[in-house]
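Residue numbers (the UniProt record's numbering): 1 to 280. What follows is one structure encoded as structure tokens, with my remarks underneath.
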């Protein structure tokens with residue numbers, strides 16, 4: 001159910017506070033930032049547009065968006081340049097990717113692990129996590145990515161750690177064999193490791209034996225956490241540089257790979273795309 005079709009009585013229910021929004025999100029196509037918006041609106045404070053508001057802004061990715069940036073080091077930006085292509089994860093957007101598939105250094109696949117109990121914007125009977133799984137496996141099987149590095153971002157962990165204590169993980173068919181073992185933080189970690197293992201299994205099932213040596217890394221991410229995003233991209237940068245140097249047969253301390261790295265950022269599913277990535 002999209003927000004425009006919500007009856008007035010239901011809108012009042014949603015505006016009852018951020019806790020109500022979190023509970024009702026699985027029934028309505030609400031962006032993950034909706035609880036913050038309600039929290040702001042529920043207070044009587046008058047505030048301007050802060051950096052937090054910008055980070056929580058959402059707009060659905062359509063077509064292909066190119067972003068050029070340099071990885072941020074401790075003191076200054078790196079001289080290296082990334083060309084990041086953000087492609088829409090919705091079904092009708094995927095046909096627009098094909099011209100990006102050649103010459104890609106790495107694929108960054110963003111999976112919103114908090115959406116395991118939600119349905120698609122396009123098809124309300126289809127579970128988002130199941131759709132993400134299918135898209136992930138489809139991308140892995142593309143011939144043009146046989147030697148391409150894969151970086152899997154298990155995103156929205158901040159929402160996941162709150163939701164998994166309230167909504168059973170086995171609400172998703174893919175996770176039907178999940179068994180809770182504890183409570184609190186231990187249960188959150190147990191649930192996260194279970195999801196991570198599921199993606200790892202899919203990766204190796206969809207990867208040909210002669211391609212198993214390509215780079216595959218999994219990162220736990222919260223895209224709204226700027227420090228975490230910068231740290232993650234620093235790790236990604238180091239991994240890709242080492243890989244390029246190794247393939248070129250060069251000594252790491254003597255040579256630098258020149259030219260921009262071409263990345264494709266693919267979002268699994270969602271009503272509003274990736275929104276801000278927290279990179280500045």
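For every residue, glycine included, the Cβ atom is placed at its ideal position computed from N, Cα and C.
Classify residue i as buried or exposed, calling it buried when 16 or more other Cβ atoms lie within 10 Å of its own Cβ.
{"i": "residue 183", "result": "exposed"}
{"i": "residue 264", "result": "buried"}
{"i": "residue 199", "result": "buried"}
{"i": "residue 118", "result": "buried"}
{"i": "residue 268", "result": "buried"}
{"i": "residue 139", "result": "buried"}
{"i": "residue 163", "result": "buried"}
{"i": "residue 181", "result": "exposed"}
{"i": "residue 235", "result": "exposed"}
For the ligand GDP, is there any heavy atom lying closer than 7 Å to the beta carbon of residue i?
{"i": "residue 146", "result": "The model on display carries no ligand, and the ligand GDP is accordingly not part of it."}
If the criterion is Cβ atoms closer than 8 Å, does the pair residue i and residue j meet it?
{"i": "residue 150", "j": "residue 215", "result": "yes"}
{"i": "residue 106", "j": "residue 132", "result": "no"}
{"i": "residue 111", "j": "residue 153", "result": "yes"}
{"i": "residue 109", "j": "residue 211", "result": "no"}
{"i": "residue 113", "j": "residue 155", "result": "yes"}
{"i": "residue 104", "j": "residue 262", "result": "yes"}
Leaving out five residues before and five after residue i in sequence, what residues of the same chain have Cβ atoms less than 8 Å from its Cβ?
{"i": "residue 130", "result": "172, 173 and 174"}
{"i": "residue 128", "result": "112, 115, 116, 118, 119, 120, 268, 269 and 270"}
{"i": "residue 194", "result": "169, 175 and 178"}
{"i": "residue 243", "result": "149 and 215"}
Quick test of your reading: residue i and residue j, contact by CB under 8 Å. State the CB separation rounded to the nearest angstrom.
{"i": "residue 202", "j": "residue 137", "result": "6 Å"}
{"i": "residue 301", "j": "residue 222", "result": "Any question about residue 301 goes unanswered here, given that the chain covers just 1 to 280."}
{"i": "residue 97", "j": "residue 87", "result": "5 Å"}
{"i": "residue 85", "j": "residue 102", "result": "That belief does not hold up - the Cβ atoms of residue 85 and residue 102 are roughly 12 Å apart, past 8 Å."}
{"i": "residue 188", "j": "residue 224", "result": "At roughly 18 Å, the Cβ-Cβ gap does not stay under 8 Å, so residue 188 and residue 224 are not in contact."}
Enumerate in chain order the residues of its own chain whose CB-to-CB distance from residue i is below 7 Å, with the five nearest sequence positions on each side excluded.
{"i": "residue 232", "result": "219 and 221"}
{"i": "residue 126", "result": "119 and 120"}
{"i": "residue 254", "result": "Because residue 254 carries a pLDDT of 38, less than 50, the predicted location of this residue cannot be relied on, and the following value inherits that uncertainty. Closer than 7 Å at Cβ, skipping near neighbours: no residue."}
{"i": "residue 239", "result": "215 and 217"}
{"i": "residue 228", "result": "221 and 222"}
{"i": "residue 196", "result": "154 and 218"}
{"i": "residue 250", "result": "Because the pLDDT of residue 250 is 47, which lies under 50, any placement of that residue in the model is unreliable, and the question is left without a value."}
{"i": "residue 288", "result": "This structure gives no information on residue 288, because the portion of the chain shown stretches from 1 to 280."}
Give me, in chain order, the residues of the same chain whose beta-carbon lies closer than 6 Å to that of residue i; leave out the 5 immediate sequence neighbours on both sides.
{"i": "residue 124", "result": "none"}
{"i": "residue 69", "result": "82"}
{"i": "residue 160", "result": "113 and 114"}
{"i": "residue 206", "result": "137, 140 and 141"}
{"i": "residue 167", "result": "117"}
{"i": "residue 204", "result": "none"}
{"i": "residue 134", "result": "none"}
{"i": "residue 208", "result": "none"}
{"i": "residue 143", "result": "none"}
Please confirm whether residue i has its beta-carbon closer than 8 Å to some beta-carbon of chain C.
{"i": "residue 133", "result": "No chain C is part of this structure, which consists of one protein chain only."}
As an exercise, report each continuous alpha helix (DSSP H) stretch of at least 4 residues that is fully enclosed by the stretch 118-146, in chain order. Contiguous alpha helix (DSSP H) elements confined to the stretch 118-146 occur at 128-140, taking only those with 4 or more residues.
List, from N- to C-terminal side, the alpha helix (DSSP H) runs of 4 residues or more that fit wholly inside the stretch 153-213. 157-163 and 184-205, all fully within the stretch 153-213.
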